[in-house]
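Novice: Numbering (full-length UniProt numbering), first residue to last: 1 to 281. Note that beta-carbon positions come from the ideal geometry of N, C-alpha and C, so glycine has one too. After the structure tokens below, expect a handful of questions from me.
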């Protein structure tokens, strides 16, 4: 029995809960660490590096050209920026970073959109999940490295896991917001035509909310990218590891160049996702 002035053993409870989860779900964590890790190694080590850098740069430039409304600005920036990364011999690190960002973002969207829909449809789910999302967004990003290492060891897999937790809330919140902002008149009209719940969701609510949802996805991608430096602390390869090693060696120049590479990638991803949103409005 705890007295009023006794310290609540929250740290001990957390460690006990973590140990229990490790033991109870080891059958799940080990295959994820092994198979998903092999899959990520294949993408970052074989698939993406197997594409000639010039071809990769041109593909990104073409995508940027069309999503920006056939304007040259973003396409030219993509060519110059990615060529600079290649020129600085950081191409392999860039491919690892792209792999981490793409997989973390995809998983965040796959999880976040259905959860956002659930929150929009259920007041109980909204009441329960809102403080959970507040907790996820306000907890320092470094803290997520601890359970990531405990469950998955070191490497890219725990980096994706930490990025997933850190980056999912915007997609959930914006999906919830977008569906709630759909006009009641449209909802009533669909009801009057006898639309089922799924028809109303996929043909009315999601199409009307897609601009807001895309804005949330954009924020999710950018948050996943912001984790690359932090994830490098637990062995995730990429441009972030270059920054971390430069910090450890006090190598200002190398760290600055790697940081510029992250900025270039961030600008390209941000502008492409923003223009994709504009194109769907």
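1. Whole angstroms is fine: what's the gap from residue 309's alpha carbon to residue 158's?
2. Should residue 264 be labelled buried (16 or more other beta-carbon atoms within 10 Å of its own) or exposed?
3. From residue 184 to residue 176, what distance separates their C-alpha atoms?
4. Would you tell me roughly how many angstroms separate the C-alpha atoms of residue 132 and residue 116, rounded to the nearest one?
5. Just tell me which of 114, 217 and 232 has its CA closest to the CA of residue 149.
6. Of the residues 71, 58 and 68, which one's Cα is nearest the Cα of residue 82?
7. Which same chain residues, not among the five before or five after residue 147, have their C-beta less than 7 Å away from its C-beta?
8. What residue range is occupied by the uninterrupted alpha helix (DSSP H) comprising residue 283?
9. Leaving out five residues before and five after residue 99 in sequence, what residues of the same chain have Cβ atoms less than 7 Å from its Cβ?
10. Please state the DSSP three-state secondary structure of residue 272.
11. Is residue 193 helix, strand or coil by DSSP?
12. Does DSSP put residue 233 in a helix, in a strand, or in coil?
13. Whose C-alpha, out of 186, 152 and 162, is nearest the C-alpha of residue 29?
14. Excluding sequence positions up to five away, which residues of its chain have a Cβ less than 8 Å from the Cβ of residue 109?
15. Taking only three categories from DSSP, how would you classify residue 139?
16. What do you get for residue 173, buried or exposed, if any count of 16 or more other CB atoms within 10 angstroms of its CB means buried?
17. Mind checking residue 60: buried by the 16 CB within 10 Å criterion, or exposed?
18. Using the Cβ count rule (16 or more neighbours within 10 Å means buried), how would you classify residue 242?
19. Which residues in the same chain as residue 53 place their Cβ atom closer than 6 Å to its Cβ, once the five residues preceding and following it in sequence are excluded?
20. Tell me where the alpha helix (DSSP H) around residue 205 begins and ends.
21. Suppose you measure from the CA of residue 274 to the CA of residue 254; what does that come to, to the nearest Å?
22. Buried or exposed: residue 156, going by 16 or more other Cβ atoms within 10 Å of its Cβ?
23. From residue 169 to residue 84, what does the alpha carbon distance come to, in whole angstroms?
24. For residue 112, I'd like the list of residues in its chain whose CB is within less than 6 Å of its CB, leaving aside the five on either flank, ordered along the chain.
25. Taking contact to mean 3 or more Cβ pairs, one atom from each stretch, closer than 8 Å, check whether the stretch 100–107 and the stretch 221–231 are in contact.
26. For residue 209 and residue 181, which I take to be in contact (beta-carbon distance under 8 Å), what is that distance rounded to the nearest angstrom?
Specialist: Quick look at the numbers:
1. This structure gives no information on residue 309, because the portion of the chain shown stretches from 1 to 281.
2. The residue in question, residue 264, is buried, as its Cβ has 16 or more Cβ neighbours within 10 Å.
3. Looking at the two C-alpha atoms, the distance is approximately 15 Å.
4. Distance from the CA atom of residue 132 to the CA atom of residue 116, rounded to whole angstroms, is 13 Å.
5. Measuring from the Cα of residue 149, the nearest candidate turns out to be 232.
6. Of 71, 58 and 68, the smallest CA-CA separation from residue 82 is found for 58.
7. Cβ neighbours of residue 147 beyond the five flanking positions: 18.
8. Residue 283 falls outside the range modelled here, since the chain spans only 1 to 281, and no answer is possible.
9. Answer for residue 99: 40, 43, 44 and 48, listed in chain order.
10. Helix at residue 272.
11. Here residue 193 sits in coil by DSSP.
12. Helix at residue 233.
13. With distances taken between CA atoms, residue 29 lies nearest to 152 out of 186, 152 and 162.
14. For residue 109, the CB contacts under 8 Å within the same chain, skipping 5 residues up- and downstream, are 171, 217 and 220 in chain order.
15. In this structure, residue 139 counts as coil in the three-state DSSP scheme.
16. Counting every other CB atom within 10 Å of its CB across the protein chains shown gives residue 173 a total of 16 or more, marking it as buried.
17. Under this definition residue 60 is a buried residue.
18. A buried status is given to residue 242, since no fewer than 16 other beta-carbon atoms sit within 10 Å of its beta-carbon.
19. Annotation for residue 53: 86 and 91 place their beta carbon closer than 6 Å to its own, counting only its chain and skipping 5 residues before and after.
20. Note, residue 205: premise wrong, no alpha helix (DSSP H); not H, not E.
21. For residue 274 and residue 254, the distance between alpha carbons rounds to 30 Å.
22. Counting the other Cβ atoms within 10 Å of the Cβ of residue 156 gives 16 or more, which makes it buried.
23. Taking the straight line from one Cα to the other gives about 33 Å.
24. Only 168, 171 and 172 meet the Cβ criterion.
25. With three or more CB-CB distances shorter than 8 Å, the stretch 100–107 counts as touching the stretch 221–231.
26. So it is a contact: roughly 7 Å between Cβ atoms.
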